[in-house]
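Here the sequence shown is numbered in the working numbering, starting from 49 and rising by one per residue.
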Amino acid sequence: MKKKWVLFASSMVLVLGACTNDDAGDGEENSQNGNESNVEAQESDEQIVVETSAGNVTEQELVDKLKDMYGDQVLQEIVLTTIMNNKAEELGVTEEEVDDEIESIKELMGVESDEEFYNAMEMQGVSGEEELRERVQHHIVLQKLAGDEGEPDEDALREEYERGEEVKARHILVEDQETADELYERLIDGEDFSELAETYSEDPGSREDGGNLGFFRRGTMTPPFEEAAFSLDTDEISEPVSSDFGFHIIQVTDRNEFEDDFEEVEDQLRNTLNQRMMQRMGQLQQEVIDEVEINVIDSRFEGLFDQ
Numbered sequence: 049m050k051k052k053w054v055l056f057a058s059s060m061v062l063v064l065g066a067c068t069n070d071d072a073g074d075g076e077e078n079s080q081n082g083n084e085s086n087v088e089a090q091e092s093d094e095q096i097v098v099e100t101s102a103g104n105v106t107e108q109e110l111v112d113k114l115k116d117m118y119g120d121q122v123l124q125e126i127v128l129t130t131i132m133n134n135k136a137e138e139l140g141v142t143e144e145e146v147d148d149e150i151e152s153i154k155e156l157m158g159v160e161s162d163e164e165f166y167n168a169m170e171m172q173g174v175s176g177e178e179e180l181r182e183r184v185q186h187h188i189v190l191q192k193l194a195g196d197e198g199e200p201d202e203d204a205l206r207e208e209y210e211r212g213e214e215v216k217a218r219h220i221l222v223e224d225q226e227t228a229d230e231l232y233e234r235l236i237d238g239e240d241f242s243e244l245a246e247t248y249s250e251d252p253g254s255r256e257d258g259g260n261l262g263f264f265r266r267g268t269m270t271p272p273f274e275e276a277a278f279s280l281d282t283d284e285i286s287e288p289v290s291s292d293f294g295f296h297i298i299q300v301t302d303r304n305e306f307e308d309d310f311e312e313v314e315d316q317l318r319n320t321l322n323q324r325m326m327q328r329m330g331q332l333q334q335e336v337i338d339e340v341e342i343n344v345i346d347s348r349f350e351g352l353f354d355q
C-alpha cells in the first residue's frame with residue numbers, strides 16, 4: 049500500500065485558573081486585579097503556538113485547521129489501526145511474528161543495512177519503524193484470518209493450471225442475498241437458467257442472452273466472480289457469490305485448456321492466486337471493521353464510517 053499517512057499530534061487545551069490577590073484592600077485595586085485576572089484567564093484558556101505582530105495563532109486554531117484539512121483521512125487510519133490492534137491481540141499475534149515478517153521483507157528486498165531498508169520503506173510511504181510494525185501486524189492478522197500460509201506452492205499452481213486458460217460462463221446478477229438464495233434453490237430444483245436470467249438478472253449486457261458472458265480469461269472479471277468461475281466444474285452452478293456489483297449465480301458451460309506448458313504460465317498463475325488472496329484480505333478487513341460498533345462523537349466526522 050503506497051498511501052501516505054498524514055500524522056499529527058493534538059493536545060487538549062489546559063484551562064488554568066485565574067489567580068486572585070487576597071491581600072487587596074480597596075475597591076479600585078480589586079477592580080484592577082480582577083481585570084488583570086480576566087486577561088490572564090483568557091490567555092491561559094488558549095495555548096499560543098505562534099505570536100505575530102498581526103495577531104497570535106492558538107493551539108486550538110491549529111488543531112481545528114488540521115481536523116478540517118486532514119481529519120477524515122487521519123481519523124479513519126487511527127480507527128482502523130485501533131481495530132486491527134485489538135484483533136491482533138485476540139488472535140495472539142506476537143512481536144516475534146512481526147520481527148520474522150520484517151526480516152523476510154528485508155531478505156526479499158536484498159538490502160544490506162537497516163538504513164537502506166528504512167529509506168526504501170520511506171519511498172513506499174512508511175514513515176518509520178513504528179508505522180512499519182503496525183502495517184506488518186495488520187498484514188499478519190489478515191493472513192491468519194484468510195488462512196494464508198505464504199506464496200502459493202507448486203501443487204496450488206498446478207491445480208489452477210488444470211482449471212484451464214479460459215472458461216465460458218453465464219450468470220444471474222441480483223442486488224440482495226435473499227433473492228439470490230431463492231433463485232439458486234429454484235435452479236437446483238431444475239428450473240431453466242436462461243429463463244431465470246432473462247426474468248431476474250440485473251446485468252443488461254447479458255440478461256437478454258440468458259446471462260451468457262462468453263469465454264473470458266483470468267484478470268477480466270471482478271476477483272470473487274473469477275475465483276468462483278474458475279473453481280467450478282463444467283455445468284456446475286455456484287452458490288450466490290458476492291461482489292461489488294451484487295450477488296451472482298454462476299454456471300460454467302465450457303472451458304479451454306492452456307495451450308502453453310505449465311512452466312511458461314507459472315508466474316501468471318502465481319499472480320492470479322496472489323491477487324485473489326489480496327482481494328480476500330480486503331473483504332476480511334471490512335468484515336473485521338463491520339463487527340465493531342463505532343460511535344462518532346465529533347459532529348464534523350458524522351457519517352464518516354457509514355457504509
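Cβ atoms here follow ideal geometry from the backbone N, Cα and C, with glycine treated the same way.
Just so we're clear, the structure is a prediction, and the values are computed from it rather than from any experiment.
Closest option to D203, judged by alpha-carbon separation, among H219, L321 and K216: L321.
If you draw a straight line from the Cα of V127 to the Cα of R211, it is about 41 Å long. In this structure Q185 is buried. Its beta-carbon is surrounded by 16 or more other beta-carbon atoms within 10 angstroms.
The count of Cβ pairs closer than 8 Å, one atom from the stretch 212–231 and one from the stretch 248–267, reaches three, so the stretches are in contact. Within the same chain, no Cβ atom closer than 8 Å to the Cβ of N343 is found once the five residues on either side in sequence are excluded.
Straight-line spacing of the CA atoms in V141 and I188 works out to 8 Å.
The DSSP-derived three-state label of T100 is strand. Taking 3 residues as the shortest admissible run, the stretch 160–186 contains no complete beta strand (DSSP E) segment at all. In the three-state reduction of the DSSP assignment, L231 falls in the helix class. Within the model, the alpha-carbon separation for D302 versus A217 is close to 7 Å. Of the other Cβ atoms in all chains shown, fewer than 16 fall within 10 Å of the Cβ of Q172; this residue is therefore exposed. Contact check for R328 against A228 fails: the beta carbons are separated by 8 Å or more.
Excluding sequence positions up to five before and after E182, its CB lies within less than 7 Å of the CB of T129, all in the same chain and listed in chain order. For the options E208, G294, N260 and I337, the alpha carbon positioned closest to that of L280 is the one of E208.
Ranked by how close their Cα comes to the Cα of F264, the residues E256, G258, E275 and E138 have E275 in first place. Counting only residues of its own chain and dropping the five nearest sequence neighbours on each side, V146 has a CB closer than 8 Å to the CB of R181, V184, Q185 and I188. Here S175 is exposed, its C-beta having fewer than 16 other C-beta atoms within 10 Å. Taking 8 Å as the cut-off, the Cβ atoms of Q124 and L352 count as close. Each of A277, I297 and I150 was checked against the Cα of E177, and the nearest Cα belongs to I150. In summary, M117 is exposed, with fewer than 16 beta-carbon neighbours lying within 10 Å of its beta-carbon over all protein chains present. If you check the CB distance, E307 and E214 do not come in under 8 Å. Residue pairing for V289: DSSP places it in a beta bridge opposite H296.
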